[in-house]
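Below is one structure; the comments refer to it alone.
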Amino acid sequence: MGKQAKAVVCRELNQPIRDETVEVESPKRDEVMVKMGACGVCHSDLSATNGTIPMPPPLVLGHEAAGTIAEVGEGVTDLGVGDPVLISWVPMCGKCRYCAMGRPALCDMGARAVATLPDGTSRLKDADGNPLNHFAGVSVMAEYATVHKDNVIVDQVGVEADKAALVGCAVMTGVGAALNTAHVEAGSSCVVFGSGGIGLNVIQGCALAGAEKIIAVDMEDKKLEFAQQFGATHIVNPGTDGDAVAKTHELTSGGADYAFECIGLASTIEQSYNAIRKGGTAVVVGVSRPTEQVTLGAFLMPFQEKVLTGSMYGSAQPRVDFPRLLSLYKANRLKLDELVTHTYSIDEAPQAFEDLEKGVNARGVIVF
Ligand SMILES: [Zn+2]
Ligand SMILES: [Zn+2]
């Protein structure tokens, strides 16, 4: 049986999102239906509504959520109704080249499931019976969602949905960029461009790894306050403090060991590369518009041996990393409570998006 569910829909680019009642179809083979407990409002959801991330509307948003299994499809044997689960917006097929080499964040099945489920079809219809696309292959900003079983990780630790939800995107992406992608070392120096939901989690990932200096760069003082709460040892607002690259070189005696770009702009990617020392690592976490082009000086490249890399979903191995992150939270080593600065009902979703644009929250979360 399908379910009627309230959902947050992007109908047209650059128009406000709206709440609609949609039909969520029952799971097919290897799929499950999840009753959502909570869904974070991530910058990527906003980016899909303004074309920064190209996603074809009409689209049900949401990719950072936790809930309980409501129904299982044929062939699903390791999940049962009532199981508490987290959503991983990258499915891990376990069979493709990248899964086989231990890099499921780059899974080929995940790369195919962009605006549909992995089989290329939708489980969503609007009130007129027209199909709706799935954001990030999941669409979990809704009371119910049908997703592939490989997008679901059981929470064996027992964390409330509004906190657990955030592990599925912001925390995994940010903490993972520091721990999995960059392998930040104890005693090192880090600079983090952008103190939104992802940036804050990169900062707490660097802190978890024992970084000595963590420099947070943001144009908004409010966000820099959050950054300090999450472990930043120094803050730089380029609007009032001047050039962030020069500041970083000054604070780190010639360049940071690691830089993280958590905004998605060519200019801050260039700054990240220029802010690291010789042999340092710059990690691009932010998602830019497809038209952005980065310009870097070529001459010094061989002399400096810098590493510039992307980080997809914090180079996650969700089946290993999600339980670890939940356990770290239970052990009071990972901040999740502090991330959730405001909760909304689904009817308040337009307000949640407005607040995201204004940057008032560390993270806003829709609770069902
Ligand atoms: Zn996200
Ligand atoms: Zn795969």
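Residues 0 to 367, numbered by numbering that gives the first Met the number 0, are exactly what the sequence shown covers, in order.
Every residue, glycine too, gets a C-beta built ideally from N, C-alpha and C.
From a predicted model like this one, the values you see are computed outputs, not experimental measurements.
{"Check": "Going by the CB atoms, is the gap between leucine 85 and valine 183 shorter than 7 Å?", "Outcome": "no"}
{"Check": "Looking at C-alpha atoms only, which residue of Thr280, Lys277, Val113, Ala265 is the closest neighbour of leucine 60?", "Outcome": "Val113"}
{"Check": "Taking three-plus beta-carbon pairs below 8 Å as touching, is the region 283 to 297 in contact with the region 204 to 211?", "Outcome": "no"}
{"Check": "Leaving out five residues on either side along the sequence, give the residues of the same chain with a beta carbon under 6 Å from the beta carbon of glycine 278.", "Outcome": "Glu304"}
{"Check": "Can you give, in chain order, each stretch of the alpha helix (DSSP H) that sits fully within the region 277 to 346 and has at least 4 residues?", "Outcome": "300 to 303, 317 to 329"}
{"Check": "Who are leucine 123's beta bridge partners in DSSP?", "Outcome": "Val23"}
{"Check": "What residues come near ligand 2, if near means a beta carbon less than 7 Å from any of its heavy atoms?", "Outcome": "Met91, Cys92, Gly93, Lys94, Cys95, Tyr97, Cys98, Pro103, Cys106, Asp107, Met108, Gly109"}
{"Check": "How is the beta strand (DSSP E) around histidine 147 delimited, first residue to last?", "Outcome": "143 to 147"}
{"Check": "Taking the alpha-carbon positions, what's the leucine 327 to threonine 340 distance?", "Outcome": "20 Å"}
{"Check": "Do alanine 226 and alanine 258 have their C-beta atoms closer together than 7 Å?", "Outcome": "no"}
{"Check": "Have a look at glycine 241 and aspartate 217 and give me their C-alpha separation to the nearest angstrom.", "Outcome": "11 Å"}
{"Check": "Skipping 5 residues on each side, what residues in its chain have a beta carbon closer than 7 Å to that of proline 15?", "Outcome": "Pro349"}
{"Check": "Return the first residue and the last residue of the alpha helix (DSSP H) that proline 103 is part of.", "Outcome": "Neither: proline 103 is in no alpha helix (DSSP H) and is coded neither H nor E."}
{"Check": "Does the contact criterion of 3 or more C-beta pairs under 8 Å hold for the region 67 to 75 versus the region 92 to 99?", "Outcome": "no"}
{"Check": "Please report the straight-line C-alpha distance between threonine 370 and lysine 27, rounded to a whole angstrom.", "Outcome": "Any question about residue 370 goes unanswered here, given that the chain covers just 0 to 367."}
{"Check": "Taking its Cβ as the centre, do 16 or more other Cβ atoms sit within 10 Å of glutamate 260, making it buried, or is it exposed?", "Outcome": "buried"}
{"Check": "Does the region 230 to 244 come close enough to the region 350 to 360 that 3 or more CB-CB pairs lie under 8 Å?", "Outcome": "no"}
{"Check": "Output the distance between the C-alpha atoms of glycine 173 and alanine 315, rounded to the nearest integer angstrom.", "Outcome": "10 Å"}
{"Check": "Check the DSSP bridge columns for cysteine 189 and list the partner residues they point to.", "Outcome": "Ile213, Tyr257"}
{"Check": "Assuming cysteine 98 contacts proline 56 under a Cβ cut-off of 8 Å, what Cβ separation, rounded to an integer in Å, is found between them?", "Outcome": "Going by Cβ atoms, the distance from cysteine 98 to proline 56 rounds to 30 Å, so no, they are not a contact pair."}
{"Check": "Sort out for me which residues DSSP pairs lysine 370 with in a bridge.", "Outcome": "No answer is possible for residue 370: it lies beyond the span of the chain, which begins at 0 and ends at 367."}
{"Check": "Evaluate contact between the region 306 to 323 and the region 75 to 84, counting only Cβ atoms and requiring at least three cross-stretch pairs below 8 Å.", "Outcome": "no"}
{"Check": "How would you label serine 287, buried or exposed, when you count the other beta carbons within 10 angstroms and need 16 or more for buried?", "Outcome": "buried"}
{"Check": "Return yes when the Cβ of tryptophan 88 is within less than 7 Å of the Cβ of alanine 135, no when it is not.", "Outcome": "yes"}
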